[in-house]
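Colleague:
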Amino acid sequence: MGCALASLRFAAKTTGNVVCILLLTGTAMLAGAVETTGRTAVCLVSFLCGCKIDQLQTEVHSERYDALSGGSTVEYIPGSIGFGAGALAEILDEKTTLANSQKALFGHFSEVQLIDKTKYLLQKEFGCLEPDLLAEDFQFLFPVVGPLPKEEFVDAFGGFKVKQVFPSACANYWNFSVDPMEPNRVWFFSKAVMPFKEPTKADDVPGNLQKLLLGTRGLWSIFACLGMPRPPAEIRTPPQIMSVSFDENGKCYKLTGGYCADRTSGNTSNLGGIFGPLNAVRPGLLPFPEARPWSPSLTWEALILRAPQIGKDYKTWSHQVFGCAHEEVSSDSIDRGL
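If you use mature numbering (1 follows the signal peptide of the UniProt record, and there is no 0), the sequence shown corresponds to residues -33 to -1, 1 to 305, in order.
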């Protein structure tokens, strides 16, 4: 009886997964065809009207110095060779490699000076309070937003006035280090804690973030009455990886960040940058997927999640069925022996 029930469950699960896979892939193909048609039409209109997007035409700054191809010596810790024939050393001797690469680049900024410059830049709101810290060819590059040039970044970031909404926020920057293979770049982490209280009135000069929250406060109060969770009293972002790159004059020419290192940490649904706190207090407000928590695509769910599940269910079924059969045979043998 147990074997029969296991077989019925396996048949039902397999049939359901196959149907779901067909639905998911079919929907993905249809959505892909619609998107391709729309993008093709947009490209045609953009070409005919010359209405290109400046940001998409901008060439992003790559590494201005790379120790692996810059002619400097990359040193490895003795004994850090991986397993297998022909395996190479993998763990850098950071101090020696950094010393070699700094000599090959520009030696007038020490490791300590670059880190101090980075910390000062952060104290000045990424240079928005002191734009001279930013190079004229500065670029702001986050996972979705950017590249933004200097003037546009200062206007946009300064216009948000994040501290206006989160006056007690602490970014918690830590682990500053100079990249030994790109010695003009400082890497560091951020794990912000942001106490939040719903704004009730605008300041004399409200920022864009405060305007957005005040403009949607009434609507979100209704949603809260309908069961939507209220904003947390304290927002905690996941650890985010950030970097500042300096030119020969000691000015920042590239700022990167917002890259979450652990999706299980914090309460912003693995969103960094400004999207994380905004999603925590106004979930689903922004209409584009880049500002919402990650969800698997249709084809990912079909091919990576559901298709392998059939194999897992088969293993469970065969263990149950053949296990039952083995137990029945053993029971019969015992009965005959008696």
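Just so you know, even glycine gets a beta-carbon here, dropped at the ideal spot from N, CA and C.
#1: Roughly how many angstroms separate the alpha carbons of Leu270 and Lys(-21), rounded to a whole number?
#2: Measuring alpha carbon to alpha carbon, tell me which residue in Asn67, Ser68 and Glu42 is nearest Asp60.
#3: Between the Cα of Leu95 and those of Val121, Pro147, Thr231 and Leu222, spot the shortest distance and give me the residue it belongs to.
#4: Under 8 Å Cβ to Cβ from Arg197, same chain only, skipping five residues before and after it: list those, please.
#5: Between which two residues does the alpha helix (DSSP H) harbouring residue 341 extend?
#6: Any contact of the segment 173 to 187 with the segment 227 to 237, i.e. 3+ C-beta pairs under 8 Å?
#7: According to DSSP, simplified to helix, strand and coil, what is Phe289?
#8: By the 10 Å Cβ neighbour count, where 16 or more other Cβ atoms means buried, how is Asp99 classified, buried or exposed?
#9: Using CA atoms only, rank isn't needed, just tell me which of Thr223, Ala(-28), Pro244 and Phe155 is closest to Val111.
#10: Count Cβ pairs between the segment 143 to 152 and the segment 207 to 218 that sit closer than 8 Å; are there 3 or more?
#11: Is there contact here, the segment 279 to 287 with the segment -28 to -10, by at least three beta-carbon pairs under 8 Å?
#12: Tell me whether the segment 124 to 138 and the segment 176 to 185 touch, counting them as touching only if at least three CB pairs, one residue from each stretch, are closer than 8 Å.
#13: Please look up how many angstroms separate the CB atoms of Lys84 and Gly217, rounded, as I've assumed it's under 8 Å.
#14: So what's Phe213 in DSSP terms, helix, strand or just coil?
#15: Which of the three DSSP states, helix, strand or coil, is assigned to Cys95?
#16: Is it buried or exposed, Cys16, if we count other Cβ atoms within 10 angstroms and call 16 or more buried?
#17: Can you tell me the Cβ-Cβ gap for Glu201 and Val248, rounded? I've got them flagged as a contact below 8 Å.
#18: Between the C-alpha atoms of Ser36 and Thr183, what's the straight-line distance to the nearest angstrom?
#19: Is the Cβ-Cβ distance between Gly239 and Pro205 less than 8 Å?
#20: Run through the DSSP bridge pairs and tell me what Cys10 is partnered with.
#21: Please report the distance separating the alpha-carbon of Thr167 from that of Leu89.
#22: Starting from Asp122 and walking both ways along the alpha helix (DSSP H), at which residues does that stretch end?
#23: Please report the Cβ distance between Leu(-10) and Thr266, rounded to the nearest whole angstrom; I am assuming they are in contact, meaning their Cβ atoms lie under 8 Å.
#24: Within the same chain, show all residues whose beta-carbon is closer than 8 Å to that of Pro114, passing over the 5 residues directly before and after it, in chain order.
#25: Is the separation between the beta-carbon of Leu253 and that of Pro263 shorter than 8 Å?
#26: Comparing alpha-carbon positions, which option in Asp146, Ile58 and Lys279 lies nearest Glu30?
#27: What does a CB cutoff of less than 7 Å around Asp214 pick up in its chain, not counting 5 residues either side in sequence?
#28: If you run the structure through DSSP and keep just helix, strand and coil, what is Tyr281?
#29: Express the C-alpha separation of Ile82 and Asn139 in angstroms, rounding to a whole number.
#30: Using three-state DSSP, classify Ala(-30) as helix, strand or coil.
#31: Identify the continuous alpha helix (DSSP H) that holds Phe190 and give its terminal residues.
Modeller: The short version:
#1: Translated into the one-based positions of the sequence shown, residue 270 becomes position 303. Translated into the one-based positions of the sequence shown, residue -21 becomes position 13. About 16 Å.
#2: Indexing the sequence shown from 1 puts residue 60 at position 93. Here the closest residue by C-alpha is Glu42.
#3: Stepping through the sequence shown from its first residue, residue 95 is reached at position 128. As written in the sequence, residue 95 is Cys, which differs from the Leu given in the question. Closest option to Cys95, Cα to Cα, is Val121.
#4: Taking the sequence shown and counting its residues from 1, the one referred to as residue 197 is at position 230. Ala191.
#5: Only positions -33 to 305 of the chain appear in this structure, which leaves residue 341 out of reach.
#6: no
#7: Indexing the sequence shown from 1 puts residue 289 at position 322. It is helical.
#8: For the purposes of this step, residue 99 is taken as residue 132 along the sequence shown, with counting starting at 1. By the 10 Å Cβ count, Asp99 comes out exposed.
#9: For this step, residue 111 is matched to residue 144 along the sequence shown. Checked all of Thr223, Ala(-28), Pro244 and Phe155; the closest Cα to Val111 is Thr223.
#10: yes
#11: yes
#12: yes
#13: The count along the sequence shown starts at 1 and reaches residue 84 at position 117. The count along the sequence shown starts at 1 and reaches residue 217 at position 250. That pair is a contact at about 6 Å.
#14: Locating residue 213 in the sequence shown gives position 246, where the first residue counts as 1. Correct three-state label for Phe213: strand.
#15: On the sequence shown, residue 95 is found 128 positions in, with the first residue counted as 1. Three-state DSSP puts Cys95 in coil, outside helix and strand.
#16: Here the question's residue 16 lines up with position 49 in the sequence shown. The residue is exposed, with fewer than 16 neighbouring Cβ atoms inside 10 Å.
#17: Translated into positions along the sequence shown, residue 201 becomes position 234. Translated into positions along the sequence shown, residue 248 becomes position 281. The pair is not a contact, with the Cβ atoms about 11 Å apart (cut-off 8 Å).
#18: What you label residue 36 is simply residue 69 of the sequence shown in a count that begins at 1. What you label residue 183 is simply residue 216 of the sequence shown in a count that begins at 1. Their backbone Cα atoms lie some 51 Å apart in a straight line.
#19: Residue numbering aside, residue 239 sits at position 272 when the sequence shown is read from its first letter. Residue numbering aside, residue 205 sits at position 238 when the sequence shown is read from its first letter. Yes, Cβ-Cβ distance for Gly239 and Pro205 is below 8 Å.
#20: Counting from 1 along the sequence shown, the entry for residue 10 is found at position 43. Answer by DSSP bridge pairing: none, since Cys10 is not bridged.
#21: Counted from its first residue, the sequence shown places residue 167 at position 200. Counted from its first residue, the sequence shown places residue 89 at position 122. So the two alpha carbons sit approximately 29 Å from each other.
#22: Translated into positions along the sequence shown, residue 122 becomes position 155. Lys117 to Phe127 is the extent of the alpha helix (DSSP H) around Asp122.
#23: By one-based count along the sequence shown, residue -10 stands at place 24. By one-based count along the sequence shown, residue 266 stands at place 299. Their Cβ separation, rounded to whole angstroms, is 7 Å, which keeps Leu(-10) and Thr266 in contact under 8 Å.
#24: If you number the sequence shown from 1, residue 114 lands on position 147. Only Gln22, Thr25, Val27, His28, Gln106, Phe107 and Leu108 meet the Cβ criterion.
#25: Residue mapping note: residue 253 aligns to position 286 of the sequence shown, counting from 1. Residue mapping note: residue 263 aligns to position 296 of the sequence shown, counting from 1. Not a contact, by the Cβ cut-off of 8 Å.
#26: As a working note, residue 30 is residue 63 in the sequence shown. The candidate whose alpha carbon is nearest that of Glu30 is Asp146.
#27: Within the sequence shown, residue 214 is the residue found at index 247, counting from 1. Excluding residues within five positions, the ones whose Cβ falls inside 7 Å are Ala102 and Tyr220.
#28: Your numbering for residue 281 matches position 314 in the sequence shown. Here Tyr281 sits in helix by DSSP.
#29: As a first step, residue 139 is located in the sequence shown; it is residue number 172 there, counting from the start. As a first step, residue 82 is located in the sequence shown; it is residue number 115 there, counting from the start. If I take the Cα positions, the gap works out to 15 Å.
#30: Counting from 1 along the sequence shown, the entry for residue -30 is found at position 4. Helix, per DSSP.
#31: As a working note, residue 190 is residue 223 in the sequence shown. Start and end: Asn175 to Cys192.
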